[in-house]
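Q:
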Amino acid sequence: MFYFLLGIHLLQACFGAYHLCLAAISIHNLQGYEPKVKQAAKYSNFIENNLNRTRMTQASSFGSLLVSTISSFYTLFSKNSLLSRELLALINIGGLLAAHEHVGNFWRRKKKMPLPGTGDYNEAIGKTREARMGMVILAVSWGVSALLILMN
């Protein structure tokens, strides 16, 4: 059972690192539009609010994936107690699901734009959605690892 649990954490670490890269690509792509959006935000509270929410949701996505990935590597190489592993699993489940909901509340309504010059924005939407789905899968994997720890 111990090796199965290590296998889960190894898969979590790899899967988390992949989705962390997707989140980083989304942030990078969206930063290309930021100067224009900042200029427009001077004249519109709506645009300023969307800019702030974009930043917050991208940070939420990146942060939850980063914590999950670091936690996975930590559990692979540390010899901590089962209780601390269980707490780490519960923290990651809560953080990933909270970030999933937070990101979804904003990005779920965003549609890809079929306009010239919006390729990076459209790619960021797609990568954000993929990273968001990865959060659910990681949360489930943390739940499986928590159950295995309880059964141990």
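Count along the sequence shown starting at 1, add 32, and that's the number in this note's numbering.
The C-beta atom is built at its ideal place from N, Cα and C for all residues, glycine as well.
Please read all numbers here as calculations on a predicted model, not as lab measurements.
Going straight from the alpha carbon of residue 173 to that of residue 44, what length do you get?
A: Computed Cα separation, rounded: 7 Å.
Q: Between which two residues does the alpha helix (DSSP H) harbouring residue 127 extend?
A: Residue 127 -> alpha helix (DSSP H) spans 114 to 139.
Q: Report the option in 183, 162 and 177 whose CA atom is closest to the CA atom of residue 52.
A: Ranking 183, 162 and 177 by Cα distance to residue 52 puts 162 first.
Q: Measure the CB-CB distance between residue 55 and residue 93 and report whether it falls below 8 Å.
A: Against a cut-off of 8 Å, the Cβ pair of residue 93 and residue 55 comes out as a contact.
Q: For residue 92, report the span of its alpha helix (DSSP H) as first-last.
A: Its alpha helix (DSSP H) spans residues 77 to 109.
Q: So residue 70 is in the alpha helix (DSSP H); what residue range does that whole segment cover?
A: 66 to 73 is the span of the alpha helix (DSSP H), which, as asked, contains residue 70.
Q: Is DSSP giving residue 159 helix, strand or coil here?
A: Note: residue 159 maps to helix in three-state DSSP.
Q: Under a Cβ-count criterion, where at least 16 other Cβ atoms within 10 Å of its own Cβ denotes burial, should residue 38 be classed as buried or exposed?
A: The residue is exposed, with fewer than 16 neighbouring Cβ atoms inside 10 Å.
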